[in-house]
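Asks: Take this structure first; my questions come after.
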Amino acid sequence: MRLSVPTDIQSDIETAERLEWWTLFWLSTIVLFMGLTMGSSQAMRTALYEDVLSFLPAIVFLVASKYEGKMATPKFPYGFLRVNSLAFMAAALALVAMGGFLFINSAISLFKQEHPSISIVHILGQEIWQGWLMIAALFYSTIAPVILGHMKLPIARRLNDKVLITDALMQKADWTTGAAGVAGIVGIALGLWWADAAAALFISFGILRDGVRQLRAATAELVDGAPRALEKNDLAEDAVALKKVLEKHFPGTVIRMRETGRYIVVHIEGSRPPEPMPPLAFYWPTGQDKAWRFAALSFEVGEGDNNHEF
Amino acid sequence: MKSTILRPHNRAHSYRLLFLCYVLLLTACGYQTNDLPRDPAHTSDRILASGEIRIGLIENRRDDDFVELIQARLVDLLERRMSAKARYQYGSAALLIPLLERGELDMVLGRFDGSSPWKKRVFLATPLGELGHPSGSQVYQAALRNGENAWISIVDSGSYRLREESQE
Numbered sequence: 227m228r229l230s231v232p233t234d235i236q237s238d239i240e241t242a243e244r245l246e247w248w249t250l251f252w253l254s255t256i257v258l259f260m261g262l263t264m265g266s267s268q269a270m271r272t273a274l275y276e277d278v279l280s281f282l283p284a285i286v287f288l289v290a291s292k293y294e295g296k297m298a299t300p301k302f303p304y305g306f307l308r309v310n311s312l313a314f315m316a317a318a319l320a321l322v323a324m325g326g327f328l329f330i331n332s333a334i335s336l337f338k339q340e341h342p343s344i345s346i347v348h349i350l351g352q353e354i355w356q357g358w359l360m361i362a363a364l365f366y367s368t369i370a371p372v373i374l375g376h377m378k379l380p381i382a383r384r385l386n387d388k389v390l391i392t393d394a395l396m397q398k399a400d401w402t403t404g405a406a407g408v409a410g411i412v413g414i415a416l417g418l419w420w421a422d423a424a425a426a427l428f429i430s431f432g433i434l435r436d437g438v439r440q441l442r443a444a445t446a447e448l449v450d451g452a453p454r455a456l457e458k459n460d461l462a463e464d465a466v467a468l469k470k471v472l473e474k475h476f477p478g479t480v481i482r483m484r485e486t487g488r489y490i491v492v493h494i495e496g497s498r499p500p501e502p503m504p505p506l507a508f509y510w511p512t513g514q515d516k517a518w519r520f521a522a523l524s525f526e527v528g529e530g531d532n533n534h535e536f
Numbered sequence: 135m136k137s138t139i140l141r142p143h144n145r146a147h148s149y150r151l152l153f154l155c156y157v158l159l160l161t162a163c164g165y166q167t168n169d170l171p172r173d174p175a176h177t178s179d180r181i182l183a184s185g186e187i188r189i190g191l192i193e194n195r196r197d198d199d200f201v202e203l204i205q206a207r208l209v210d211l212l213e214r215r216m217s218a219k220a221r222y223q224y225g226s227a228a229l230l231i232p233l234l235e236r237g238e239l240d241m242v243l244g245r246f247d248g249s250s251p252w253k254k255r256v257f258l259a260t261p262l263g264e265l266g267h268p269s270g271s272q273v274y275q276a277a278l279r280n281g282e283n284a285w286i287s288i289v290d291s292g293s294y295r296l297r298e299e300s301q302e
């Protein structure tokens, strides 16, 4: 079994790490700016809490990528490739929490018919309605997530990294919530007290949908489910194709596959390993890139026989 | 196992489109207006139309000349700004604040402290002055109906100006 990160994806991992550090930096400036201009706007408050939550996927990605490259130890003989699965679960939970938080808060505001009060502030001797400042802060909060999210997506697809995909979804949640906040404040300015909470409620459905889908995939990964697609909860296309190839080479066997982080691990029951054993890339289906995904193949002849792992 | 093909997120796109429409709709509603923010319950419009500001005064035996002076100055400033006359109703906070919440008063003036139970139910404008009290300091300020952001901005602006003047 491969116990370290393949060289094919090393540079992409480094780029992703750089992007995540940038994410942490920009998020810090956004939280600071929003905190300074926050009034009693519901969408503004939830957008701020949600920005704080969105630190989590970036942090867990950085922690996971640091561990993923580590060699196996006597205490962790299989290495640390699966740290990525754990990080995926944490990132998915953060996304669900954000969507749930937004949904509950805005629903309560609408139910209680809370009328947000926004007054004036004095800056350099000028009187300004605080709502305009909030709109500026919310607009600022959408810029970095849009850019960083779009930069992360292609890398996440190349790396088959579900943590990074979830982080990109979190950035999407960030900018849509920021935009919802702008709509909410414009609504308040127009005298529509419900606009703020309605915009936040509307956005929360999309975030919850993304979060629940990622959470289901993360759960499947942790309970040794078959490899899931990157951006939905269906089976991964390359894993399905790989299974077909293996069925041709090892007819009449039971083939089980699971995902360890970004890698596919296969176990074949009812067959001995071929002599000589070809490299794993030999079995990788044609038309599918990312042959590095196929990280391990083990055989089990039957009860009482020895296991062979490659 | 069934084979899957990655497809674009059509549903996500339609969400974005809907959201964009929502923003455009709101923006269109506010187009050609320079009278923002507005009051959802039209407090400032009603004052301008009727020429009357309905003020509740919370009675307090401790109130002195300072309170009377600053109260008179704020009311005078608002009367001039809104081209309206003040009409007073006296009572306790427990009587006046619910009237304010129901829109039967436009403003309540009185002493409030940091732990005031009314803080969450109404908007408290910039304090006009700090007053001594046996249980700690209290501030004399205007309480306004939540969400009436145009009226809140007018009263808060006046309160801020008066406080700045009294500090000079």
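Residue numbers (this note's numbering), protein chains in the order written: chain A, 227 to 536; chain B, 135 to 302. For glycine and all other residues, C-beta sits at the position ideal for the given N, C-alpha and C. Quick caveat: nothing in here was measured; it's all calculated off a predicted structure.
Tell me, which residues are paired with K219(B) by DSSP?
Replies: K219(B) pairs with E186(B).
Asks: Report buried or exposed for E457(A), applying the criterion of at least 16 other Cβ atoms within 10 angstroms of its Cβ.
Replies: Looking at its Cβ environment, which holds 16 or more other Cβ atoms inside 10 Å, E457(A) is buried.
Asks: Name, in chain order, the residues that DSSP records as bridge partners for V347(A).
Replies: Paired residue(s): I354(A).
Asks: Excluding the 5 residues flanking F520(A) on each side, which residues of the same chain have their C-beta closer than 6 Å to its C-beta?
Replies: Correct list, in chain order: I490, L506 and W510.
Asks: Please compile the residues from chain A whose C-beta is within a distance smaller than 8 Å of the C-beta of R172(B).
Replies: Ordered by position in chain A, the residues that pass the 8 Å Cβ test against R172(B) are A415, L416 and G417.
Asks: What does DSSP give as the partner residues of T486(A) in its beta bridges?
Replies: DSSP lists Y489(A) as partners of T486(A).
Asks: Below 8 Å between beta carbons is the criterion; list the residues of the segment 345-379 of chain A that meet it against any residue of chain B, in chain order.
Replies: Residues passing the 8 Å Cβ filter: S345, I346, H348, E353, W355 and G357.
Asks: Mind pulling the chain B residues with CB within less than 8 Å of S343(A)?
Replies: Ordered by position in chain B, the residues that pass the 8 Å Cβ test against S343(A) are F257, L278, N280, G281, E282, N283 and I286.
Asks: When you compare the CB of Y222(B) with every CB in chain A, is at least one pair closer than 8 Å?
Replies: It does not: the Cβ of Y222(B) has no partner Cβ on chain A nearer than 8 Å.
Asks: Per the DSSP calculation, E495(A) is bridged to which residue(s)?
Replies: DSSP lists V480(A) and E526(A) as partners of E495(A).
Asks: Which residues does DSSP list as the beta-bridge partners of Y224(B)?
Replies: Answer by DSSP bridge pairing, in chain order: L191(B).
Asks: Can you tell me whether DSSP reads V449(A) as helix, strand or coil?
Replies: Coil, per DSSP.
Asks: Buried or exposed for E526(A), going by 16 or more other Cβ atoms inside 10 Å?
Replies: Buried is the call here.
Asks: Please go through the segment 289-374 of chain A and give each complete alpha helix (DSSP H) segment of 4 or more residues, from N-terminal end onward.
Replies: 309-337, all fully within the segment 289-374 of chain A.
Asks: Leaving out five residues before and five after I286(B) in sequence, what residues of the same chain have Cβ atoms less than 6 Å from its Cβ?
Replies: F257 and L278, listed in sequence order.
Asks: State yes or no: is the beta carbon of S291(B) nearer than 8 Å to at least one beta carbon in chain A?
Replies: It does; some Cβ of chain A falls within 8 Å.
Asks: Would you verify that the beta carbon of Y274(B) is, or is not, closer than 8 Å to some beta carbon of chain A?
Replies: For Y274(B), the answer is no, since every Cβ of chain A falls outside 8 Å of its Cβ.
Asks: Of the residues A370(A), A313(A) and Y293(A), which one's Cα is nearest the Cα of V257(A)?
Replies: The shortest C-alpha separation from V257(A) is found at A370(A).
Asks: With DSSP collapsed to three states, give me the class of L390(A).
Replies: Three-state result, L390(A): helix.
Asks: Return the chain-ordered list of same chain residues with a C-beta closer than 8 Å to the C-beta of M483(A), the five sequence neighbours on each side being excluded.
Replies: Taken in chain order, the residues that qualify are A452, P453, A465, L468, K469, I490, V491, V492 and H493.
Asks: According to DSSP, simplified to helix, strand and coil, what is M503(A)?
Replies: Residue state, collapsed to three classes: coil.
Asks: Keeping to the same chain, check which residues put their C-beta closer than 8 Å to that of Q166(B); ignore five residues upstream and five downstream.
Replies: For Q166(B), the predicted structure reports a pLDDT of 47, less than 50, and the residue's modelled location is therefore unreliable. The matter cannot be settled from this model.
Asks: What does a CB cutoff of less than 6 Å around I346(A) pick up in its chain, not counting 5 residues either side in sequence?
Replies: Within the same chain, I346(A) has close Cβ partners E353 and W355.
Asks: Per the contact definition of three or more C-beta pairs closer than 8 Å, is the segment 326-338 of chain A in contact with the segment 372-386 of chain A?
Replies: The segment 372-386 of chain A, when compared against the segment 326-338 of chain A, does not touch it at the 8 Å Cβ threshold.
Asks: Under a three-way DSSP split, which group does G432(A) fall into?
Replies: Helix, per DSSP.
Asks: Going by DSSP, which residues form a beta bridge with L278(B)?
Replies: Answer by DSSP bridge pairing, in chain order: F257(B).
Asks: Tell me which same chain residues have a C-beta within less than 8 Å of the C-beta of E276(A), skipping the five on either side of it?
Replies: M324, F327, L328, A399, D400 and T403.
Asks: Along the chain, where does the beta strand (DSSP E) containing G244(B) start, and where does it finish?
Replies: Where G244(B) is concerned, the enclosing beta strand (DSSP E) stretches over M241 to F246.
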